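Quick notes on the structure that follows.
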Amino acid sequence: AKENIAKIQSENKHGFNKKRVAATIYREGDLVAIKRTQQGPGLKIANKYFGLYQVIQV
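So for the sequence shown, our numbering puts the first residue at 21; every next one is plus one.
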């Protein structure tokens, strides 16, 4: 039973990590856009991101 549990856990871990994306590493001087998180009326047609900002400090 322990072997089956370990096997299933390993398969679940593999399936979960398959869709995982590594974090983006930013450096000084990179240009980044910040995603707008606020939703609501009037924002439906607004830009999805706030301008381009330069990374000053990492």
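Glycine is no exception: its CB is placed at the ideal position from the N, C-alpha and C atoms. These figures come from a predicted structure and were not determined experimentally.
Contact between VAL52 and VAL75 is confirmed by a C-beta separation of about 6 Å, below the 8 Å threshold. Per the coordinates, the alpha-carbon of ALA66 lies some 34 Å from the alpha-carbon of PHE36. Taking C-beta separations shorter than 8 Å and ignoring five residues to either side along the sequence, the partners of GLU48 in its chain run VAL75, ILE76, GLN77, VAL78, following chain order. Going by C-alpha positions, GLN58 is about 42 Å away from LYS27. Distance from the CA of ILE25 to the CA of LYS38, rounded to the nearest whole angstrom, comes to 20 Å.
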